[in-house]
Amino acid sequence: MADLQLYKAKALKNILWLGLLVGTLDGLAALLLNYNASPGLIFRFIASAIFGPDAYKGGAEMIVAGVIFHYLIAYLFTTAFYLLYPFAFSMLKNKYVVANIYGAITWLIMNMVVVPLSKIGMHAIKPLNAVVGLLALIICVGLPIAVVADKRFKSTR
C-alpha cells in the first residue's frame, strides 16, 4: 500500500508533463492524418463540439478554443489512465497490453460518448478511419502513458 501512496504522491508532476506530451502527440497525429485540412480547420472542428457551426465562422479565438479543448481532454485521459495504471497493471501484467486497452478505451469514449453528446453529434465512422484513429490513440495516448506510468510505478517498489 505504501508503494501506491508514493506513486500517487508523485503523480501531479508526472501528469502535468505527460498530459502535455500526450496532447501534443495526439494533436500532431490529427494534423498529419488530416494533411489536406489546415490546422485551423482541425482545431475549429474541435471547438465546434461546444460552439457548433459558429466555430467555423470565428477567427483565431475559435482555433485557440479548439487547442484548449484538445489539451483539456488530453489531460483528463492522462490523469485517469495514469492514476488507474497500478490497478490495470496488476490485472494485465503487461504495459503494452495496458497501452492498447487505454488507446481503445480512449477511442470508444471519444467516438461513442464525447463526440455524439457534443454539438458535432453522431456521425458515420468508416472502418478504415476507425482503425487509423484507434492506432493513433494507442501510439499517442496509450503507449506514452503506460510506459511512463509503468516506469514510475516500478520505481516506487
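Sequential numbering from 0 applies to the sequence shown in numbering that gives the first Met the number 0.
Quick reminder that beta carbons are idealized off the backbone N, C-alpha and C, glycines included.
A quick note: this is a predicted structure, and the numbers were derived from the prediction, not measured.
Exposed or buried, what is residue i when buried is set at 16 or more other beta-carbons lying within 10 Å of its beta-carbon?
{"i": "residue 102", "result": "buried"}
{"i": "residue 27", "result": "exposed"}
{"i": "residue 111", "result": "exposed"}
{"i": "residue 15", "result": "exposed"}
{"i": "residue 8", "result": "exposed"}
{"i": "residue 141", "result": "buried"}
Tell me whether residue i sits in a helix, a strand or coil according to DSSP, three-state version.
{"i": "residue 110", "result": "helix"}
{"i": "residue 120", "result": "coil"}
{"i": "residue 8", "result": "helix"}
{"i": "residue 52", "result": "coil"}
{"i": "residue 34", "result": "coil"}
{"i": "residue 93", "result": "coil"}
By alpha-carbon positions, which one of the options ends up nearest to residue i?
{"i": "residue 124", "options": "139, 107 and 42", "result": "107"}
{"i": "residue 80", "options": "133, 44 and 21", "result": "21"}
{"i": "residue 126", "options": "85, 64 and 134", "result": "134"}
{"i": "residue 50", "options": "130, 117 and 121", "result": "117"}
{"i": "residue 65", "options": "44, 53 and 84", "result": "44"}
Write down the C-beta distance between residue i and residue j rounded to the nearest angstrom, noting that I regard them as a contact closer than 8 angstroms.
{"i": "residue 98", "j": "residue 29", "result": "Wrong, their Cβ atoms sit about 19 angstroms apart, outside the cutoff."}
{"i": "residue 73", "j": "residue 25", "result": "6 angstroms"}
{"i": "residue 69", "j": "residue 86", "result": "With 8 angstroms as the limit, residue 69 and residue 86 do not qualify as a contact, their Cβ atoms being about 27 angstroms apart."}
Answer yes or no: the CB of residue i versus the heavy atoms of the ligand NAP, is any distance below 6 angstroms?
{"i": "residue 105", "result": "With respect to the ligand NAP, the structure shown offers nothing to examine, as it has no ligands at all."}
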